[in-house]
Amino acid sequence: MRRWEVPAIIPRVQSLLDYLGPWALVPVFLMVALESCAFVGLVFPGETVAFIAGAIAGAGIVSPLAAFATVAAGAALGDIGGYLLGRLKGRAVLAWSPLAHRAYERSRPRMEKYFARWGAMTVVIGRFVAVGRVFAPFSAGLSGMPARTFMAAALVSAALWSALLVAAGYLLGSNWRSVTGWVASLGFGMLALLVLTVLMAGAYEWLVTRQEEVVGWWRERILEPLARRNGVDLAPLMDFIRARFSPTGYLGFHLTVGLLVLGAMMWLFGGIVQDIFAQDPLVRVDRVVAAIITHARAPAFDCAMVAAGWLSAPAWLGSVVAITVASLLAARDRTRAILAIPVAAGAYVLGFGIRDRFENFSPHVSAEALVHGFHGFPSVAMTAATAVYGFAWFAIVMHLKSWRIHALCTVGAVYLILLAGLGELYRGKLVSAVGAGFALGGGWLAVCVTGAVTYDRL
246 MRRWEVPAII
256 PRVQSLLDYL
266 GPWALVPVFL
276 MVALESCAFV
286 GLVFPGETVA
296 FIAGAIAGAG
306 IVSPLAAFAT
316 VAAGAALGDI
326 GGYLLGRLKG
336 RAVLAWSPLA
346 HRAYERSRPR
356 MEKYFARWGA
366 MTVVIGRFVA
376 VGRVFAPFSA
386 GLSGMPARTF
396 MAAALVSAAL
406 WSALLVAAGY
416 LLGSNWRSVT
426 GWVASLGFGM
436 LALLVLTVLM
446 AGAYEWLVTR
456 QEEVVGWWRE
466 RILEPLARRN
476 GVDLAPLMDF
486 IRARFSPTGY
496 LGFHLTVGLL
506 VLGAMMWLFG
516 GIVQDIFAQD
526 PLVRVDRVVA
536 AIITHARAPA
546 FDCAMVAAGW
556 LSAPAWLGSV
566 VAITVASLLA
576 ARDRTRAILA
586 IPVAAGAYVL
596 GFGIRDRFEN
606 FSPHVSAEAL
616 VHGFHGFPSV
626 AMTAATAVYG
636 FAWFAIVMHL
646 KSWRIHALCT
656 VGAVYLILLA
666 GLGELYRGKL
676 VSAVGAGFAL
686 GGGWLAVCVT
696 GAVTYDRL
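The sequence shown begins at 246 in the working numbering and counts up one residue at a time.
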């Protein structure tokens, strides 16, 4: 059965559980457990069963504690079953598919290294994603993740997941359907964010540990063949590149990176403007996303998006600036403390100024071909949020040398900016306006940060 056929059977499942009364906890336990250890999650989502269990508890058929204990026990035992299946019979399962078996053998070292480093986090976050609940325990066992580490992660994730969903079903009662789809969508969003974060962290670690190899490969495979073919002396070029990207060089690395980021942000902004002028595919993406958001509106989702919208509210951003200034003053960094206020104020001035300028422009197309123009372009709130959260990240990483803290702050800043963007989209802003606001705020941040670092090195 395909996943998109599942909603048709959900009312029948609820009717069956209502009919069984207290005995409904038995099929609840089985369905939640089998989701992880028997790949049932590919057919029927476990969060729906957990919601229904909470709704049954809300109707007084069973106690909330019994519903939570049943769902949590099923989730934990299901994860453990999936782990044991991967640990003991994983290769035998993969042998059913020669393609999957060959792919596993090729990626086995990377997979084992990944679960050794990120296994616990993957199990915890995977519990909140349908595909993660199905495959994460099996993959953890297949990769040889230590049983003690997996057990701890599985128990914590099962408790958190069960408490959240059973409580939601208990409070919503018969309205639990209004959020099940949103929870599934949110889970896939978390999975995408996790994958992106892990990929970036892995790329950084790979580049740092193989700096000489990368530089040598570039010189031997690209630069030297070109130089021999065209009779060019590489020494001046290599000296220039080395000076530009040397962290210890005078203004080299920081100025170069700042200019590259500024150029990238301006390229993004210009590309969005060009697409709106020409009514290229981006404006159709705007229309599709707006339609999806309109269709997804629900009371529970409204509450979540109101909270996300507050992340770009002037009052909240002002408090972030105040905390950043106080922290910099406590660290005796008066230069950056003074700079924090112009960064935020300048973002608003820049956003409002450019928005007023673009209000008078019109795309170069006929009225019949016009999808939308520059109304509300760019998003001023997104411009300010990008600049403020970006500068707070810069202030932290400049004073704390721990790589773990750097990674946490980087992911946190990106996450807050993404949530602020989602809040803007939910309030009716277009993807193009939000993207342009991000580009404008990022460019302004690059100017301010590059200027601050350059001033320190003069």
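C-beta atoms are modelled at their ideal positions from N, C-alpha and C, and glycine is treated no differently. Just so it is clear, the structure is predicted and the values come from calculations on it, not from any experiment.
Might you give, ordered along the chain, the residues of its own chain that have their beta carbon closer than 6 Å to the beta carbon of residue i, omitting 5 neighbours on each side?
i: Leu562; result: Ala629, Val633
i: Ala403; result: Ala317, Ala320, Ala321
i: Gly434; result: Bear in mind that the predicted position of Gly434 carries a pLDDT of just 47, short of 50, making it unreliable; the figure below should be weighed with that in mind. Once the five neighbours on either side are set aside, Gly434 has no close Cβ partner at all.
i: Tyr495; result: Per-residue confidence for Tyr495 stands at a pLDDT of 41, beneath the threshold of 50, marking its modelled position as unreliable; no derived number is given.
i: Leu664; result: Ala553, Leu556
i: Ala398; result: Ala365, Val368, Val369
i: Phe606; result: Phe619
i: Leu513; result: Ala684
i: Gly414; result: Phe296, Gly299, Ala300, Trp421
Pick from the options: whose alpha carbon is nearest that of residue i?
i: Ser557; options: Val338, Arg336, Gly686, Gly618; result: Gly686
i: Gly327; options: Glu280, Cys654, Pro343; result: Glu280
i: Ile325; options: Val565, Gly618, Ala381, Arg602; result: Ala381
i: Ser624; options: Ser352, Gly598, Val530, Val368; result: Gly598
i: Ser388; options: Met396, Met356, Leu416; result: Met356
i: Gly299; options: Gly323, Thr569, Leu270; result: Leu270
i: Gly516; options: Trp341, Ala681, Glu604, Arg353; result: Ala681
i: Ala278; options: Gly323, Ala295, Ser308; result: Gly323
i: Arg600; options: Ser607, His620, Pro608, Ala582; result: His620
i: Ala684; options: Ile568, Ser564, Leu507; result: Leu507
i: Val594; options: Gln524, Val565, Met627; result: Met627
i: Asp531; options: Val566, His617, Phe522, Ala385; result: His617
i: Arg332; options: Gly386, Leu416, Phe296; result: Gly386
i: Thr539; options: Arg351, Pro559, Leu670, Met276; result: Leu670
i: Gly335; options: Val698, Leu400, Phe383, Leu527; result: Phe383
From the DSSP output, in three-state form, read off residue i for me.
i: Ile586; result: helix
i: Asp531; result: helix
i: Phe395; result: helix
i: Pro608; result: coil
i: Asp520; result: helix
i: Ile306; result: coil
i: Pro623; result: coil
i: Leu573; result: helix
i: Asp578; result: coil
i: Asp324; result: helix
i: Leu330; result: helix
i: Val374; result: coil
i: Leu664; result: helix
i: Asp525; result: coil
i: His644; result: helix
i: Trp341; result: coil
i: Leu400; result: helix
In chain order, what residues of the same chain have a beta carbon less than 8 Å from the beta carbon of residue i, not counting five sequence neighbours either side?
i: Cys693; result: Leu584, Pro587, Val588, Gly591, Ala632, Phe636
i: Gln519; result: Asp525
i: Leu400; result: Ala321
Flag residue i as yes if its beta-carbon sits less than 9 Å from any beta-carbon of chain C, otherwise no.
i: Trp638; result: Here chain C cannot be found, since the structure has a single protein chain.
Who are the near neighbours of residue i in its chain, counting only those whose CB is closer than 7 Å to its CB and skipping five residues on each side?
i: Phe313; result: Ser407, Ala408, Val411
i: Gly668; result: Met550, Ala553, Gly554, Leu556, Ser557
i: Thr315; result: Leu270, Val273, Phe274, Ala298
i: Cys654; result: Trp638, Ile641, Val642
i: Met510; result: Ala684, Gly687, Gly688, Ala691
i: Val566; result: Ala585, Ile586, Ala589, Val633
i: Ala253; result: At Ala253, the pLDDT of 42 sits below 50, so the modelled position is not reliable and the matter cannot be decided from this model.
May I ask you to verify whether the stretch 366-376 touches the stretch 396-410, counting CB pairs closer than 8 Å and requiring at least 3?
-> yes
Taking one C-beta from the stretch 567-586 and one from the stretch 660-679 each time, how about it: are there three or more such pairs within less than 8 Å?
-> no
Between the stretch 384-396 and the stretch 297-314, are three or more C-beta pairs nearer than 8 Å?
-> no
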